[in-house]
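A short write-up of the structure that comes next.
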Amino acid sequence: MALVDCNNFYASCERIFNPVLEGQPVVVLSNNDGCIIARSEEAKQLGVKMGVPAFEIKSLLEKNNIAVFSTNYELYGDISQRVMTILAQFSPSLEIYSIDEAFLDLTGIRTDPDEFGKKIASTIRKWTGIPVTIGIAPTKTLAKLANHIAKEKGWWGLVLDPSREDTVDRWLQAIPVEEIWGIGPQFTTFLNRYHTLTACDLKKAPEKWVRQHLGVVGVRTVNELRGQPCYTVVNVPAERKGLCVSRSFGKTTTVYEELEQATTAFVATVAEKLRKQKSVAQALTIFVMTNRFAKGPHYVNGITVKLPVATNSTIEMIHHTVKALKKIYRKGYNYKKSGVIATEIIPENTLQCALWDDVDREKHKKITAIMDNINARMGKGKVKFAIQGTQRGWKMRQEKLSPAYTTRWDDLLTIDITKEIQDC
DNA sequence: TCTGGGGTCCTAGGACCC
DNA sequence: TCTGGGGTCCTAGGACCC
C-alpha cells in the first residue's frame, strides 16, 4: 500500500506557472479570501498557521512579503487530474482519496518499494511540476504515518517494513496520537487523559478499552497500526450520498431577491453536477444563515423537500428551491450564507414515473442538455436562468486570483520573447 | 470591514412492527 | 400486584477526513 500526497498542493500549483515563487513563501486563501488553507514550506517556517483568518495575520503576511493567492479551484482541479492520470500508470488499483492524495495498491508489483516510490515521485515532479511525498506500508493508516514522517524529514518518502517491527515501533513512538489518521481532537484529549500519547501507545492499547471508548472505528485504527489491514484500496468511487453546494457571500444581504439569486445559482450547480454523473435526487435541502461570528441577531434555518419525482432538472429544482426559500426567509436578518443539498441520489436510469406528473421531462432534458453543452464550451455560467440574476452582488471576494492557466483559452500563459530575439 | 466548503461513517434513541 | 422478546427503519448528532 502506498499513499502519494502532493506537498502543499495549492501553493505548489500556484508555483508551476510562476517559477519566481520557488523558494519564496506562498499561501492560498479559502473562499472569500477568508482563511489560510495552504502554505508553502517557507510560509510554515514563518509561523503562518493553517486555518487562521487572513485579516488576523495581515501584518505577518506583509512584513515577510508572503505571496498571497485567492483559491483557484479550477486550476487545482485540473492539475490534480493530471497527477492522478500519471499515478494510474503505476498501479492498476488506484484510489483517489482527495484532490491531492491517492492510495495505490502495490500487490503484485515486483519492483523494490524504495525504487518504485522514488520513480513515482520523480515522474510526477517532472511531468507536472508538483512535488509529492510517498508513504509505503502494509496498511493505509501506516502508509499515512510513513508519509507524515517523510514529510517532516523532507524525504521523498518512507517505506515501513512490517518484518522489522522494532524499527516500526521506534517510528511510532515518535508520533503523537493526534497525527494518526482517524484520531481527531476529541479522541486525542481522551487518549492523553489516559496517558496514551504516542502511536505506539495506542497500538498497544487493549482492544476492549478501545472498543468501549473509541468505537469500532477506533478498533480498526488500532488494528491498522498493528499491520492488519481494515481498509482496502477502493478503485471505483462509491455513489455520492449527498451533493452540497453552498457559499458564504462576499457581503451580507437582507434582500430576499439577492438571497434567491445566490441560492438558485447554487441549485443550478447541484443539478449540473447530478447530470454530469448521470444521477437524480429524490430530496433537496435548502438552508440559509446569518454570519455566526457577527454580533446581532442570528438566524439559521433549512427545509428538506421530497421531490415528487427524482430529478436533475435545473428548472424543476429551482422551482422547489424558490418555494422553500420563501418559507424560511425572514425579513430583517443579515444573510451571510446559503446552500442546497441534494440527497437520496440514485442513478438516472432507475427513474420511476409518478402517477400525476405534469412536468414535461423530455423538454427539460433537451433544454438542460443544450445549456450544459454551451457552458462546457464557452465557460461556466455563460447561459443561466433569469432568476439567478446578473448582478451577483453576493459573489465571493477573490482579489488575488491567479489565471486558470490550463483550462481557459483566455488565461493561457503568454511569453514575450521579443526582447530575447532582439538580444540575439 | 474581513472568519471555507464538501464529504464519510457510526451510534443512540424513538417509532413502529409482530 | 403482575406487563416479553425480538426485530426494522429513520433521524439527529457526533466524530472524523481533506
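The opening residue of the first sequence carries number 3 in this note's numbering; numbering runs sequentially from there.
The beta carbon of each residue, even a glycine, is placed where N, CA and C say it ideally should be.
Quiz prompt | Three-way DSSP call (helix, strand, coil) for Met319 in this model | solution = helix
Quiz item: Residues in its own chain within less than 7 Å of Gly383 by CB, not counting five upstream and five downstream?
Solution: Asn377
Exercise. Measure the beta-carbon distance from Phe11 to Tyr78 and round it to whole angstroms, keeping in mind my assumption that it falls under 8 Å.
Key: 7 Å
Quiz item: With DSSP run on the structure shown, which of helix, strand or coil describes Ile389?
Solution: helix
Self-check item: beta strand (DSSP E) runs contained entirely in the segment 44-77, provided each spans 3 or more residues
Solution: 69-71
Quiz item: To which residues of the same chain is Gly36 closer than 7 Å at the C-beta, ignoring the five residues directly before and after it?
Solution: Pro55 and Ala56
Quiz item: Between Glu350 and Lys402, which are expected to be in contact by the criterion C-beta below 8 Å, what is the C-beta distance as a whole number of angstroms?
Solution: Actually they are not in contact, since the Cβ atoms of Glu350 and Lys402 sit about 39 Å apart, beyond 8 Å.
Quiz prompt | First through last residue of the beta strand (DSSP E) which encompasses Cys37 | solution = Careful: Cys37 lies outside any beta strand (DSSP E) and carries neither H nor E.
Practice problem: Less than 8 Å between the CB atoms is what I'm expecting for Thr141 and Glu241, so what's the real figure, rounded? | Solution: The pair is not a contact, with the Cβ atoms about 26 Å apart (cut-off 8 Å).
Practice problem: Excluding the 5 residues preceding and the 5 following Asp171 in the sequence, name in chain order all residues of the same chain whose CB lies nearer than 7 Å to its CB. | Solution: Cys202
Quiz item: For the beta strand (DSSP E) that Gln284 lies in, which residues bound it at each end?
Solution: Ser281 to Thr292
Quiz item: Between Thr87 and Leu31, which are expected to be in contact by the criterion C-beta below 8 Å, what is the C-beta distance as a whole number of angstroms?
Solution: The pair is not a contact, with the Cβ atoms about 28 Å apart (cut-off 8 Å).
Quiz item: Can you name, in chain order, every residue of its own chain whose Cβ lies under 6 Å from the Cβ of Phe289, other than the five neighbours on each side?
Solution: Gly304 and Gly341
Quiz item: Taking all protein chains shown into account, do 16 or more other C-beta atoms lie within 10 angstroms of the C-beta of Ala371, making it buried, or fewer, making it exposed?
Solution: exposed
Self-check item: Nearest neighbour of Tyr335, chosen from Val219, Val85 and Tyr301 [CA to CA]
Solution: Tyr301
Practice problem: Answer yes or no: do Gly131 and Asn149 have a C-beta to C-beta separation smaller than 8 Å? | Solution: no
Quiz item: In three-state terms, what does DSSP make of Gly110?
Solution: coil
Quiz item: If you count every other CB in all the chains shown that lies within 10 Å of the CB of Met373, and 16 or more means buried, which is it?
Solution: buried
Self-check item: Cβ neighbour criterion (16 or more within 10 Å) applied to Arg222
Solution: buried
Quiz item: Whose C-beta lies closer than 6 Å to the C-beta of Leu106 among residues of the same chain, with five residues either side of it excluded?
Solution: Ala4, Ser93 and Leu96
Quiz item: So what's Ala4 in DSSP terms, helix, strand or just coil?
Solution: strand
Quiz item: Got a sec? Which residues, its chain only, sit under 6 Å from Arg399 by beta carbon, not counting five neighbours each side?
Solution: Asn34, Asp35 and Gly252
Self-check item: Where the beta strand (DSSP E) through Asn194 begins and ends
Solution: Element bounds for Asn194: not the beta strand (DSSP E) but the alpha helix (DSSP H), Pro187 to Arg195.
Quiz item: Does DSSP put Ser124 in a helix, in a strand, or in coil?
Solution: helix
Self-check item: Three-state secondary structure (DSSP) of Ile376
Solution: helix
Exercise. Name, in chain order, the residues that DSSP records as bridge partners for Thr255.
Key: Tyr337
Exercise. Report the rounded CA-to-CA distance for Leu204 versus Val179, giving the unit in angstroms.
Key: 7 Å
Practice problem: Mind reading off the beta-carbon distance from His322 to Leu286? Whole number of angstroms is fine, and I expect it under 8 Å. | Solution: 6 Å
Quiz prompt | Assigned exposure category for Cys426 - 16 Cβ within 10 Å defines buried | solution = exposed
Quiz item: What whole-angstrom Cβ distance do Leu276 and Leu309 have, given they're in contact under 8 Å?
Solution: With a Cβ gap of about 11 Å, Leu276 and Leu309 do not count as contacting.
Practice problem: Tell me where the beta strand (DSSP E) around Ile182 begins and ends. | Solution: Here Ile182 belongs to no beta strand (DSSP E), and DSSP marks it neither H nor E.
Self-check item: Check whether Thr234 and Ile182 have beta carbons under 8 Å apart
Solution: no
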